[in-house]
Amino acid sequence: MSASKSAAWKGVLFRHETILLLVLLVEWFYFNSVGRRFGTMDNTFDIIRHSVEIGLLALVMTPIILTGGIDLSVGSLLGLCAILFGKMWRDGGMPPLLAAACTLLVGAVAGGLNAALITGLRLPPLIVTLGTYSLFRGLAEAITRGADTFTNFPTSFLFLGQERLLGLPTQAWIFLAVGIGMWLLVHRTTFGRAFRAIGFAPEGARYAGIPVERRLALVYVLAGVIAALAAIIYTARLGQAKADAGMGYELFAITAVVLGGTSIFGGVGSVHGTLLGVAAIAVLGNGLVHARQPREVAGMLTGALLLLALSGGVLPKLLATWRARRLSTSQAKPQTSPP
Amino acid sequence: MTRYFRELSVAIALGVLLLVLAVFAPKFFEWQPMLSRLTREAPTLVCACGMALVIISRQIDISIGSQFAVCSVCAGLLAAAKVPFVLVLVASIGIGAAQGAINGALVAGLRLPSIVVTLATMVILREGLRWQRQGQFVNLPDGLQWFGLSQAAGQYTLITAAVLLLVLMAQGMKHLAAGRFVYAVGSDAEAARLAGIRPQLTTFLIFVSMGALTGLAALMNIVQSPQVDPKSGSGLELKAIAAAVVGGVAVSGGRGNLWGVFAGLLMLACVNPALTYLHVEAYWEKAIQGAIILLAVVADGVRSRKLSH
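Those sequence lines, one after another, are chains C and B. Going letter by letter, the first sequence gives residues 123 to 461 in the working numbering. Going letter by letter, the second sequence gives residues -4 to 304 in the working numbering.
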């Protein structure tokens, strides 16, 4: 029974990722036939450059959703960190490297605030991160008074976001490193098993001896650090830091994770699925520009894609329970009728 | 006493805040600015009542800001096309209810988490509206502002309507079976089902009424100005959630009442003008909104931990 069940799960997982890969290929060939410049190497690097920040957020959102939680504040934190980075560099007179290190620290503290509220007081992640979603963005707006932007960064810093290193966009190497690290964390360590166990049944995980609070705190602090890293890359790519940096990125990150086959209820999912999800969204967004569609369409389609992926994830289970209920009532009937 | 501890503490906090303002900024209580401030909060009150229902049933809806904008623009376009006012009202509420029905069908029908569903519909609706309108304002005909009455009469009408709705809904939540269903589903959906309540249908209808109330609020907002801003309603979801959470509605569901939400909303409405009188800049508004939500849930969390120990 359990062997056939795990085989069935493997089948579903396999199928899910194959479908995603197929979608990706269809997207690629369609946009290649529509847009002239789409298939070129330059544009491929463009897609990579534009998707690194969302990709980083999606990577770190994967363990969070695996534990059954959610972090709505990553986009706002990206904005706050970008502003603080610019502030420390321009007004604080720090060299970019030191400012970046301090920004990562700020990210860790902000993630720690989420973690403390979620694990210390056992508050639901959705309302805590909804509060910090507003708080972080609000702080970014308050610091810049809604208008101040930071520009004229030194070229040595912009190298991180606009140039190539060993043939690839510089930030792609960072993304690769974080991706491999995250894959190892989720798939090859006991931490990853703990995330799944917590998402599957938090009480059960506690009785199994997993330090639930510490593991949960880890994923939210990690989310803060990675959001800060994404903020630095974002600033380097655009060459400026504004208070509205990363607005709405949380939707793209969550969509990529869910599209990649991670269950929104926790317990099931993979990092490589998330990477495919990121690729599907990135190619869609870039391709629509090449197909001369307005920018808003990409946002609408991402939202619709999220709803579709969610529905696709639950429909089989829903149908199964519905069928089981019908079966049990049809079996129950002869018992209730008098002999 | 302990039963309404949370509501009473909000009311006391509101009283203290008003007292502080009375001492340090007596200008705050001048009648004309007070009246227009209350009128501006009337649509928010309507939305906060709906949000209280949603949160009591252990769901959340962060798409109401976008729904509000869509309803505002549609109602504005209809009014500009010389459609009679009653039909505009019905259309606005109907469009809101239809949007709520989409959320409700996905949450109740497919049992998806409401936070993710409404995050998606929030973006779809907002981007769709921006695509269609490109930020263009809608000019309203002359007879619409303040229902064609004088400004004071219009303001009193709006405030009366909002408070009347609050009283009706508060009484309904207390005395109607449908109101009790909301609490039952929020505190334990499975137990509610065994007691003969249909939790999925209840959840669906709560989302539909949330949408309908948002449509009503949108209309109450557009009669206050000669134009409709397609960006109106951004941040409304946070205001409504903050009012509900500050007013003692538990995010874990099954607890809270609309009088507390009313007190919470009044308190939040006083915070921003209070800050201006105390010389804090307006850019802090969003940060303070977030901090207030966090403070309210932390207070609830600390209290519930104390009770359970």
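Built from N, CA and C at the ideal position, the CB exists for glycine as well.
In its chain, beyond the 5 residues on either side, 60, 281 and 284 have a beta carbon closer than 8 Å to the beta carbon of residue 230 of chain B. With respect to the C-alpha of residue 298 of chain B, the residue from C/243, C/432 and C/312 having the closest C-alpha is C/243. In the DSSP secondary-structure assignment, residue 286 of chain C is bridged to C/291. In this structure, the beta-carbon distance from residue 203 of chain B to residue 86 of chain B does not fall below 8 Å. Residues of the stretch 263 to 288 of chain B with a Cβ closer than 8 Å to any Cβ of chain C, in chain order: 276, 278, 279, 280, 281, 282, 283, 284, 285, 286 and 288. Assignment of residue 408 of chain C by DSSP, reduced to helix, strand and coil, places it in the helix class. Three or more Cβ pairs closer than 8 Å define a contact, and the stretch 193 to 201 of chain C meets that threshold against the stretch 171 to 185 of chain C. With a cut-off of 8 Å on Cβ pairs, the stretch 341 to 359 of chain C is in contact with the stretch 163 to 180 of chain C, counting three or more such pairs. Chain order gives the chain B residues near residue 422 of chain C as 118, 119, 122, 123 and 126, where near means a beta carbon separation below 8 Å. In the structure shown, the three-state DSSP call for residue 0 of chain B is helix.
Its chain contains 389 as the residues whose beta carbon lies nearer than 6 Å to that of residue 322 of chain C, once the 5 sequence neighbours on both sides are disregarded; these appear in chain order. Taking a Cβ-Cβ cut-off of 7 Å, residue 371 of chain C has no neighbours in chain B, whose nearest Cβ is about 11 Å from it. A straight line joining the alpha-carbon of residue 9 of chain B with that of residue 34 of chain B spans about 19 Å. In terms of Cβ geometry, residue 428 of chain C and residue 396 of chain C do not form a close pair [threshold 8 Å].
At least one CB of chain C lies nearer than 8 Å to the CB of residue 247 of chain B.
Think of a sphere of 8 Å around the beta carbon of residue 438 of chain C: no beta carbon from chain B falls inside it, the nearest being about 12 Å out. By the Cβ-count criterion, residue 28 of chain B is exposed, with fewer than 16 other Cβ atoms from all chains shown falling within 10 Å of its own Cβ.
With a threshold of 8 Å between beta carbons, residue 108 of chain B makes contact with chain C.
In this structure, B/239 is the residue among B/290, B/239, B/269 and B/300 with its C-alpha nearest to the C-alpha of residue 39 of chain B. Residue 363 of chain C is bridged by DSSP to C/272. Close to residue 112 of chain B, with beta-carbon spacing below 8 Å, are these residues of chain C in chain order: 429 and 432. Taking 8 Å as the threshold, the shortest C-beta distance from residue 217 of chain B to chain C does not fall below it. Contact check for residue 373 of chain C and residue 114 of chain B: beta-carbon distance about 6 Å, within the 8 Å limit, so the pair qualifies. Closer than 8 Å at the C-beta level to chain C, one finds these residues of the stretch 72 to 102 of chain B: 101.
Closer than 9 Å at the C-beta level to chain B, one finds no residue of the stretch 169 to 189 of chain C. Shown here for residue 149 of chain B: same chain residues with a beta carbon closer than 6 Å to its own, the five before and five after excluded, namely 141 and 142 in chain order.
Between the alpha carbons of residue 260 of chain B and residue 14 of chain B lies a distance of about 17 Å. The C-alpha of residue 380 of chain C is placed about 45 Å away from the C-alpha of residue 139 of chain B. Under the Cβ criterion (8 Å, minimum of three pairs), the stretch 51 to 67 of chain B counts as touching the stretch 203 to 219 of chain B. For residue 60 of chain B, none of the residues of chain C pass the 9 Å Cβ criterion, the least Cβ distance being about 12 Å.
Against chain C, the CB of residue 115 of chain B has a partner CB under 8 Å away; the residue lies at that interface. Using a CB distance cut-off of 8 Å, residue 177 of chain B does not count as an interface residue toward chain C.
Look at residue 250 of chain C: its C-beta is under 8 Å from a C-beta on chain B.
Check the Cα spacing between residue 182 of chain B and each of B/48, B/275 and B/220: the tightest is with B/48. In the three-state reduction of the DSSP assignment, residue 134 of chain B falls in the strand class, which pools E and B.
For residue 223 of chain B, the secondary structure class from DSSP, reduced to helix, strand or coil, is strand.
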